[in-house]
Amino acid sequence: MSNPSADHGAEDPRGEGPFTNGPGDGALFAMVRSLFEAADPVPAGLAERIRFSVALAGLEGEMARLTAADAEASEFDEHADGLALARGAAEESRTITFDSSDLTIMIRIDANADGTARLDGWLAPPRRCQVEIALIGGSLEVGADADGRFAFPSVPRGTVRIVVRPPERGSVTDGRGPTEARSVITPALVL
Amino acid sequence: MGDDSRHRLAAAAGPPAPVIALDDLIDELTPVLWQVARAAGLGREDAEDVVQTAWESLLSHLNTIREPGALTAWLVTATRREAWRVAAARRKTQPADHEWLGAIPDPRENSEDRALLAEEQRAVWTALRTLPPRCQELLRIVAFVPRPDYDLVAARLGMARGSVGPTRGRCLDKLRSALGNGSWVEEEGHR
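Here the protein sequences line up with chains A and B, keeping their order.
Residue 174 in numbering that gives the first Met the number 0 sits at position 175 of the first sequence; the count goes up by one each step and never skips.
Residue 141 in numbering that gives the first Met the number 0 sits at position 142 of the second sequence; the count goes up by one each step and never skips.
Spelled out as C-alpha cells, the structure:
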C-alpha cells in the first residue's frame, strides 16, 4: 500500500475531486490533540489545584496572621503559598488563632469518627456574617451567629482556608460586588 | 450548635462572578499551557509548577488584558518563557535531551506503550516526528488552543503576524502529507 504514486504534484490543496487529499485542518488538529491527550495527559487535578490557589490569591481581602497555635499544630509547611499548617497529631483537637487588623478568628479542629474534621470557630469582636471554608474543588459556607460563633460539623481532610466575609452591611457599596468589601482570609491549613 | 448551620457545597453554585469566569478559563486553558510547558522539554513536575506560576503571574496583569484572546496569548507566552527558563536551568545539571517528542512514549518501543495509543494516534506520532521541530511545537500547542485564539497565539509563538496563516497551513500540509505516506492512511484511503 505504500505506493510511490503518492504524487505530490496531484496534491491539489483545494481537492477538486470527490475524494479529498486527506483530513482537513480541523480534523488534523483533532488528531494531534487526541495523540497528546493519550500520550501526555494533563495531570489529574492540576486545573483544580490552580483554581484553588488563584481564586484565593485573587480574592480581595486581608490576609489574617497566625498568632497562636497549640504545640501539636505548630509545625509549618512552606509549600503552599505563605503559611500552611502541617497536620497535627492525628486525633487530637487543635486550637488555632488568627489575627487581622480588626478581627480575631479562633478555631478548634476535632477529628470526626468518619475521617472528616469538625471545625468550631469564634470571631472577636462578634459579628454576624458568612464564613466560608475554601477547599480544593469547592467550598462550604455557614453563618456566624450574633456571638460570632460558627461551626462546620464535617469538613473533608485536606488543604483549606477560612474566609470570613464582611458583615452584611459592608457589601452594599454601590457597583461593587461583595468581594470588594474586605474579607479576611486565613493562611492555608491542612486539616 | 452545628446542626442548625446551613451547609452548602458551592462548587456548582459558585462564588461571585469574577471568580467563576476565571475558573472556567483555568479549566479551558490549562491543557494548552500544559502542552506549552511540555513542548519546551520539561518533565511533568516542572511543567506543573510552570503552568501554575503562569496563572499566578496572570493575576497581577489581569487588568492590563482586555480580551480573552489576548489573555490566552499572554498565558502561552508567560508559560513558554518560564518553561525555557526552567529548562535552561535544568540543562546545566542534567544531560541534555532536547528533542521534546522524546518526552512522550515512543509507541514503537514496547507493547505496553503501544497499547496506550490507538492506531491513529501512533500514525500521527510517527508523522509528527518527521516534521521540523518548530512545526511540531506549533501544531502541538495550537491543537489545544480555542479556535478564536489561533491567530494571536500562533503569532506569539514567534512568527510575524502576516505569515501566521501560511505557516500554520504549511505545518498542517506537512503533517497531512507525512500522514499520507504512512500505511495507516493508505489503508484508510482504500476503504
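Cβ coordinates follow ideal geometry from the N, Cα and C atoms, glycine included.
Please classify PRO166/A: is it buried, with 16 or more other beta-carbons within 10 angstroms of its beta-carbon, or exposed?
-> exposed
In chain order, which continuous runs of the alpha helix (DSSP H) of length 4 or greater are located wholly inside the region 22–67 of chain B?
-> Every alpha helix (DSSP H) of 4 residues or more that sits fully in the region 22–67 of chain B is shown, in chain order, as 43–58.
Quickly, what does DSSP pair ALA116/A with across the bridge? List them, please.
-> Answer is ALA110/A and VAL154/A.
Taking the Cβ atom as the reference point for each residue, do VAL35/B and VAL75/B lie within a distance shorter than 8 angstroms?
-> yes
Given 8 angstroms as the limit, is there contact between the region 119–139 of chain B and the region 170–181 of chain B, that is, 3 or more CB pairs closer than that?
-> For the pair of segments examined, the region 119–139 of chain B was found to touch the region 170–181 of chain B: the number of CB pairs separated by less than 8 angstroms reaches three.
Range covered by the alpha helix (DSSP H) that runs through THR125/B | 118–128
Are the C-beta of LEU178/B and some C-beta of chain A separated by less than 8 angstroms?
-> yes
If we count Cβ pairs, one from each stretch, closer than 8 angstroms, do we get three or more for the region 24–41 of chain B versus the region 81–92 of chain B?
-> yes
With C-beta atoms as the reference, is VAL31/A less than 8 angstroms away from ALA142/B?
-> Their beta carbons are under 8 angstroms apart, which means VAL31/A touches ALA142/B by this criterion.
Candidates LYS91/B, GLN120/B and LEU21/B: closest to LEU71/B by CA position = One point to set straight first is that residue 71/B is Thr, not Leu, in the sequence displayed. Of LYS91/B, GLN120/B and LEU21/B, the residue nearest in Cα terms is LEU21/B.
Is the CB of GLU118/B under 8 angstroms away from at least one CB in chain A?
-> no
For PHE97/A, which residues does DSSP report across the bridge?
-> LEU65/A and ILE104/A
CB-CB under 6 angstroms to MET105/A, same chain, minus the five flanking residues each way: which ones, in chain order?
-> THR96 and TRP121
For LEU130/B, which of ALA53/B, LEU174/B and ALA77/B has the nearest alpha-carbon?
-> If we check each option's Cα against that of LEU130/B, LEU174/B comes out closest.
How big is the Cα-Cα spacing for LEU45/A and ASN180/B?
-> 37 angstroms
TRP121/A bridges to which residues according to DSSP?
-> Listed as beta-bridge partners of TRP121/A by DSSP are MET105/A and ARG148/A.
From which residue to which residue does the alpha helix (DSSP H) around GLY25/A run?
-> 24–38
Does the beta-carbon distance from TRP124/B to LEU27/A come in below 8 angstroms?
-> no
Three-state class that DSSP yields for ARG155/B in the structure shown = helix
Around the C-beta of GLY114/A, are 16 or more other C-beta atoms found within 10 angstroms, so that it is buried, or is it exposed?
-> exposed
For ILE140/B, the first and last residue of its enclosing alpha helix (DSSP H) | 132–141
Are the Cβ atoms of ILE49/A and THR29/B separated by less than 8 angstroms?
-> yes
Beta-carbon gap between ARG164/A and SER182/A smaller than 8 angstroms | yes
Starting from GLY142/A and walking both ways along the beta strand (DSSP E), at which residues does that stretch end?
-> 137–142
GLU131/A - partner residues in DSSP beta bridges = DSSP lists GLU140/A and VAL162/A as the beta-bridge partner residues of GLU131/A.
How many Å lie between GLY142/A and ASP119/A at the Cα?
-> 12 angstroms
For LEU58/B, does the count of other Cβ atoms within 10 angstroms reach 16, so buried, or fall short, so exposed?
-> exposed
Within chain B, partners of ARG32/A - CB distance below 7 angstroms = For ARG32/A, the residues of chain B that pass the 7 angstroms Cβ criterion are ALA142 and PHE143, in the order they occur in the chain.
Run through DSSP, which three-state label would VAL144/B get?
-> coil
Backbone CA spacing between ALA63/A and ALA69/B [nearest angstrom] = 34 angstroms
Whose Cβ in chain A lies nearer than 7 angstroms to the Cβ of LEU174/B?
-> LEU27
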